[in-house]
Amino acid sequence: VPMLPARGGDAYVKLAHPASGFAVVGVAARVVLDEKGGVAQVSVGVTGVAAKPYRATAVEGLLRGKAATSSRRLQEAAGRAADGVDATGDIYASAEYRRHLANVYTRRALEKAIERARA
Numbered sequence: 055v056p057m058l059p060a061r062g063g064d065a066y067v068k069l070a071h072p073a074s075g076f077a078v079v080g081v082a083a084r085v086v087l088d089e090k091g092g093v094a095q096v097s098v099g100v101t102g103v104a105a106k107p108y109r110a111t112a113v114e115g116l117l118r119g120k121a122a123t124s125s126r127r128l129q130e131a132a133g134r135a136a137d138g139v140d141a142t143g144d145i146y147a148s149a150e151y152r153r154h155l156a157n158v159y160t161r162r163a164l165e166k167a168i169e170r171a172r173a
């Protein structure tokens, strides 16, 4: 994993299973801001929603090159975290709930990564 450049931040957030601590859904985000505070680079990885981890490319595409200050834009982008994904359900969480968690935890991971990039 390459070192973060200046104005870079990353974060990992998850909903942990209460007994095992393993992620029911987890999201990792890495953001690099440009000199004006826009999103120069962004990567979002999601686990626990589908049969295997995946990149949330729809999220990345909506944020790249845009200002990192818009709460509405973050919400819109995070809402695409499970786009095109065949979500799986089990006894711990239905497929629909996992899709919802992907959206919620993507926003949280992005907010935390952006906050760290600004520090």
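In the working numbering, the protein residues as written are 55 to 173. Ideal Cβ placement from N, Cα and C applies to all residues, glycine included. Computed from a prediction, not measured in an experiment: that's the story for all the values here.
Asked                                                                                                         : Found
Segment contact, 8 Å Cβ cut-off, at least three pairs: the segment 60-67 with the segment 85-93               : yes
LYS68 classed as buried or exposed, judged by whether at least 16 other C-beta atoms fall within 10 angstroms : buried
Rounded Cβ spacing between VAL103 and VAL79 (contact assumed at less than 8 Å)                                : 6 Å
Inter-stretch contact at 8 Å, needing at least 3 Cβ pairs: the segment 131-140 / the segment 111-118          : yes
Same chain only: Cβ atoms within 8 Å of THR142, ignoring 5 sequence neighbours per side                       : VAL103, ALA104, ALA105, ALA149, ARG152
N-terminal and C-terminal residue of the alpha helix (DSSP H) that ALA121 is part of                          : No alpha helix (DSSP H) holds ALA121; DSSP gives it neither H nor E.
Between the CA atoms of ARG170 and GLY75 - distance to the nearest angstrom                                   : 25 Å
Same chain, Cβ closer than 8 Å to TYR146, five either side skipped, listed in chain order                     : HIS71, VAL78
Those residues which DSSP pairs with LEU69 across a bridge                                                    : VAL79
Outcome for THR123 when other beta-carbon atoms lying within 10 angstroms are tallied against a minimum of 16 : exposed
ARG109 versus ALA163: straight-line alpha-carbon distance, rounded                                            : 14 Å
Proximity below 8 Å, CB of LEU128 to CB of ARG172                                                             : no
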